[in-house]
Amino acid sequence: MTLPTRTSIFILGDYTFPWECDSEDGDHRFYELSYGEKVYLNFNYRRLYPSGVIQSEGTFVGGYKAGIWRFFTENGVLSQFGSYNNKNERHGKWRFYEEFLGRPALKMVVDQRENSEHYWSYDMRGNLWQEYKVLN
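Its first residue numbered 352, the sequence shown is counted upward by one per residue in my numbering.
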């Protein structure tokens, strides 16, 4: 089954999704209201800068951010990507990039788990310069 795609425009300073997520009751899924009822999101999502360049893209399945989500700079350069858990929180390995001469340069990898976070930081040449682990 192919999911439909929805597109919205990114507004500087607004880092929220245009949909609800009521995590107070332990349900971390994103939804929209239809005739007063929660309808969990099921679509591919793309958010654009006003210039038309992609700001972020990913997929919602049953209200959860599913698969890989990618984020870009206003110049269209990849800035980060990774996946989410069943609380719609970053989980697993995320890669963060810094724009260098118009291209993405790996800056850091973070492996986020329930009880720990593992960090690898890189210099602009791609050499590992720091690694550490934090227990939650």
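All residues carry an ideal CB built from backbone N, CA and C; glycine is no exception.
Length of the line joining the Cα atoms of residue i and residue j
{"i": "P401", "j": "S472", "result": "32 angstroms"}
{"i": "M459", "j": "D378", "result": "31 angstroms"}
{"i": "E383", "j": "G364", "result": "22 angstroms"}
{"i": "N426", "j": "Y448", "result": "13 angstroms"}
{"i": "F422", "j": "D462", "result": "17 angstroms"}
Range of the contiguous beta strand (DSSP E) that encloses residue i
{"i": "I362", "result": "Per DSSP, I362 belongs to no beta strand (DSSP E) and is neither H nor E."}
{"i": "K410", "result": "In the sequence as displayed, the identity of residue 410 is Thr instead of Lys. That run of the beta strand (DSSP E) goes 405-412."}
{"i": "N437", "result": "Where N437 is concerned, there is no enclosing beta strand (DSSP E), given that its DSSP letter is neither H nor E."}
{"i": "P455", "result": "454-463"}
{"i": "E425", "result": "Per DSSP, E425 belongs to no beta strand (DSSP E) and is neither H nor E."}
{"i": "S314", "result": "What the structure shows of the chain is the stretch from 352 to 487, and residue 314 is not part of that stretch, so it cannot be assessed."}
{"i": "L479", "result": "479-486"}
{"i": "H469", "result": "467-473"}
Integer Cβ distance of residue i from residue j, believed to fall under 8 angstroms
{"i": "F432", "j": "R454", "result": "Not really, about 15 angstroms apart at Cβ, beyond 8 angstroms."}
One or two residues paired with residue i in a DSSP bridge
{"i": "Y442", "result": "The question names Tyr, yet the displayed sequence has His at residue 442. Answer is S434."}
{"i": "Y386", "result": "Y386 pairs with nothing; no bridge assigned."}
{"i": "N393", "result": "Answer is none; N393 lacks a bridge partner."}
{"i": "E371", "result": "Y382"}
{"i": "T358", "result": "R397"}
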